[in-house]
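In the numbering used here, the protein residues as written are 172 to 668. Heads up, the thing below is written out as structure tokens.
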């Protein structure tokens, strides 16, 4: 489990000395109470750290500088209790490198209609104090989230919580190392890209390794460790007869366990939390990593098949965002269609779908792969449960990166799939397959995606805003003509960036 509670959000309250010390004392009490309420919220998994009320240019600049320097701080929540002249914020906001959320609230929910006077008005000025702050953030062109509502409302907490998860993923990406075993699948376009530009934009680094490095790590695994892991497989999964103790393919299960242990050792020793491989470069491995990749994803690793490092990074970010939420998150691929009514997508991959999206205990099986020229690989087979989900893709479009998200409804397969030996999910895309697929293709979305039954569009849009990348949503309201116009407008807008 990825521990989000170790990450901090700093709660910063703006005011000024114009109103006197007694007012500032009250502001501090109110701000502390709001921060405490957010800290207790079931929706916000990160720690909330209340900071002293900010009333001067120097104090604001020092807080923003300290936030940048703090390894624990992943974002700042800003609220103007009174009127805080925004020129005091100018230098600090220009320096701030952490994500910022503007909370537009006020301490009191209701107006005290019978007793309200100018003292009350001077104290409770968020209605126009936050507008002053909003002008400055807009003037500076800062990407930020604005949440409006009463600070005790569940909806406000949920929106802050979504942003906090995106901030955690953004912070994680700044230090993410991706190991690439082999190159991209030959002649494939969408999995290529500029790794230097990706590091400049997202923070993660992509490092290439020969498959021989992985083979050496696999060969170094002690037999006793393989015994231990195979016993874990037996206990955790429904084991197919050929893979059971004494079965005809038991050796293949041990080979798969050795690959998992070798992968874990290499990734762990190098500090990697995402990786790729490709079936075209397996020299020295007995089989393509199947169950190994699935189980590593279940533990929070990002993965991309066929050398797809952009999707590996996206899956890792989605794993961080979804930590502790119900449902699962996985590498996925739109594989084939059912053009019935309603039209559906069968999502799967050759082997590598994460068991966090399994509806019930996965079956551990072995089947031919028919490509790759290696021994039959061991994999976990299961079906995802019904319910809402999102599919997301990050692609590089010329001078920029673009995130495309399609909201989908996972459904139970019309019938059993007894001859399909891979993990899968069946879904109906919003608003329908014809519109969604056309919009996705017009946008240049990849065939590989990050799939999640934990996350919402809001999580992913907050993340895209932090990365300052183009964001496109395909949902119930999508109309293809308008969507294509949005693509044209975005192309023009990004020429000026």
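Using N, Cα and C, we set each Cβ at its ideal position, and we do this for glycine too. Computed from a predicted structure; not experimentally measured.
The Cβ atoms of residue 623 and residue 500 sit closer than 8 Å to each other. Relative to residue 367, the option among 468, 203, 375 whose CA is nearest is 375. Secondary structure of residue 498 (DSSP, three-state): coil.
According to the DSSP assignment, residue 390 belongs to the alpha helix (DSSP H) that extends over 382-390. CA-CA distance, residue 588 to residue 537, rounds to 16 Å. Residue pairing by DSSP places residue 578 opposite 561 in a beta bridge. For a cut-off of 8 Å, the C-beta gap from residue 185 to residue 292 is around 17 Å, too long to register as a contact. Just so you know, the alpha carbons of residue 434 and residue 424 end up roughly 15 Å apart. Under the three-state reduction of DSSP output, residue 508 falls in the strand class.
Per DSSP, reduced to three states, the secondary structure at residue 308 is helical.
Looking from the CA of residue 432, the closest CA among 463, 442, 445 belongs to 463. Ranked by Cα distance from residue 549, the options 226, 334, 396, 457 are led by 457. Pairing residue 630 with residue 445 gives a Cβ-Cβ distance that is not under 8 Å.
Excluding its 5 nearest sequence neighbours in each direction, residue 558 has C-beta neighbours in its own chain below 8 Å: 498, 580, 581, 624, listed in chain order. About 13 Å separates the Cβ atoms of residue 503 and residue 626, ruling out a contact at the 8 Å cut-off. Looking at the backbone, the Cα of residue 382 and that of residue 487 are separated by about 22 Å.
In the three-state reduction of the DSSP assignment, residue 567 falls in the strand class, which pools E and B. In the structure shown, residue 293 falls within a helical segment according to DSSP collapsed to helix, strand and coil. Residue burial is scored here from C-beta neighbours: residue 619 has at least 16 other C-beta atoms within 10 angstroms and is therefore classed as buried. The beta-carbon separation of residue 563 and residue 453, rounded to 28 Å, does not stay under the 8 Å limit for a contact.
Only exposed fits residue 299, as fewer than 16 other CB atoms lie within 10 angstroms of its CB. Distance between residue 345 and residue 413, taken at the CA atoms: about 44 Å. DSSP lists 509 as the bridge partner or partners of residue 515.
Distance check between residue 493 and each of 542, 384, 338 places 338 closest, using alpha-carbon atoms only.
Here residue 508 is actually not in contact with residue 519; their C-beta atoms are around 12 Å apart, not less than 8 Å.
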